[in-house]
Each structure stands twice: as structure tokens, then as C-alpha cells.
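According to the numbering used here, the sequence shown is numbered sequentially starting from 2.
Think of the CB as a built atom: it goes at the ideal place given N, C-alpha and C, for glycine as much as any other residue.
In what follows, a structure is listed as C-alpha cells, so that the remarks can point back to it.
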Amino acid sequence: MKMRQFLTTILAVVAAITVSAQSNRIGIDDFVIERDSIVSVPVTLANDTPMRGLQFNLAVPDGLKIEAGRLTKYSEKYDMNLVCRKSPKDGYVVFVYPMSRVCYPAGSEVIMVLDFCAASGFRGGEIHINHARGSTINNQSIPIEDATVTVTVPASPLIDQSPDTPGFF
2 MKMRQFLTTI
12 LAVVAAITVS
22 AQSNRIGIDD
32 FVIERDSIVS
42 VPVTLANDTP
52 MRGLQFNLAV
62 PDGLKIEAGR
72 LTKYSEKYDM
82 NLVCRKSPKD
92 GYVVFVYPMS
102 RVCYPAGSEV
112 IMVLDFCAAS
122 GFRGGEIHIN
132 HARGSTINNQ
142 SIPIEDATVT
152 VTVPASPLID
162 QSPDTPGFF
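Shown next, in the form of C-alpha cells:
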């Protein structure tokens with residue numbers, strides 16, 4: 002009987018660790034962008050632990066860049082600041098932090114919007130959100146899951162047309 006209780010306890014602990022490890026996320030939904038255009042994309046923080054601030058890296062595919070970023074009214078309510086810098090490697094480093102002793106409460110909210118710009122030769126790809134960390138009110142580190150975002154470019158309507166199609170130049 003003791004062995005069964007021991008195994009049940011171990012399984013409960015493992016399940017709790019798995020759930021807590023998956024509960025802090027930065028989310029960007031997959032999106033479509035035309036070549037030579039800019040798309041505004043919301044960024045969501047889903048956290049079960051109040052966070053004073055956070056940082057993460059965005060590795061972007063060739064031909065895609067961040068044109069601008071801005072905090073939402075939700076983030077401004079918590080006195081947050083945003084810094085988004087081009088990294089020397091292949092992407093960007095994003096920092097969100099307050100100037101006072103305040104935290105995002107646990108929950109799921111859009112905290113910022115990033116404007117992505119696609120070059121004329123952009124062919125789509127994946128954005129990798131990695132090296133993400135949050136911090137508690139006492140500046141203890143909180144792990145945040147890595148994530149992948151798929152960015153696609155719509156097919157040109159002229160690709161499937163032959164020169165015999167009416168309206169084709």
C-alpha cells in the first residue's frame with residue numbers, strides 16, 4: 002500500500018511540475034504578410050506567476066524585420082517600458098520592464114504590438130521566440146517557454162494564370 006501512495010505522490014509532483022513549466026508563455030499567432038508591406042502583430046503574455054518584467058529573443062527569417070513596437074494600454078497601466086534592439090546575431094532582443102515596483106498579474110493579456118516589415122524578396126519562414134525569462138517582484142528569474150511562429154507570404158494571383166487568360170497583360 003505504501004508503494005502505491007509513493008507512486009501516486011511522485012506522479013502528482015511530476016504533473017504539477019509539467020503544468021507549471023508550461024504556464025508562462027509569450028505568444029505570437031502565425032501570420033501572413035505581403036512582400037514590401039508592414040503587418041502589426043499582437044504579442045500575448047500568458048503567465049501564472051506575477052511578473053515584474055520580461056525579456057526574450059526573436060530570431061527572424063531573412064527578409065523580415067521589426068519596424069516598430071509599442072506597448073498596449075494594458076502594459077501602460079502597469080507602468081511598463083519597451084526596448085526592442087537588433088541583436089548582433091540573427092534577430093532582436095526585447096525587454097519589457099517597469100520603472101516602479103509593480104508586476105503584471107497572473108493571466109493572459111496582449112502586452113505589446115510589433116510591426117513586422119517584409120522585404121520584396123521575403124519568402125516566409127519561422128520566427129523563434131527563445132531565451133525568454135520573466136522576473137518576480139524580488140527579481141528572481143522565471144522561465145518562459147520557447148515558441149515558434151510561422152510567417153507565410155500569399156501566393157501571387159498571376160502564378161496560376163497563363164498568358165491566354167483574359168485580363169493577363
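In the DSSP assignment, the beta strand (DSSP E) including residue i goes from what residue to what residue?
| i | result |
| --- | --- |
| residue 93 | 92–99 |
| residue 142 | 142–144 |
| residue 48 | 38–48 |
| residue 27 | 26–28 |
Going by Cα to Cα distance, which pick from the options is closest to residue i?
| i | options | result |
| --- | --- | --- |
| residue 60 | 130, 139 and 122 | 130 |
| residue 133 | 96, 65, 107 and 66 | 96 |
| residue 87 | 101, 98 and 58 | 58 |
| residue 63 | 52, 122 and 26 | 122 |
| residue 115 | 126, 32 and 146 | 32 |
Can you tell me whether residue i is buried or exposed, with buried defined as 16 or more other CB within 10 angstroms of its CB?
| i | result |
| --- | --- |
| residue 70 | buried |
| residue 138 | exposed |
| residue 102 | exposed |
| residue 92 | buried |
| residue 108 | exposed |
Kindly examine the ligand GTP and report whether one of its heavy atoms sits closer than 7 Å to the Cβ of residue i.
| i | result |
| --- | --- |
| residue 62 | No copy of the ligand GTP occurs in the structure displayed, which carries no ligand at all. |
Which whole runs of the beta strand (DSSP E) in the segment 53–86 are 3 residues long or more, in chain order? 54–60 and 65–72
What ranges does the beta strand (DSSP E) occupy inside the segment 107–155, keeping only unbroken runs of at least 3 residues that lie completely in it? 108–119, 126–136, 142–144 and 148–153
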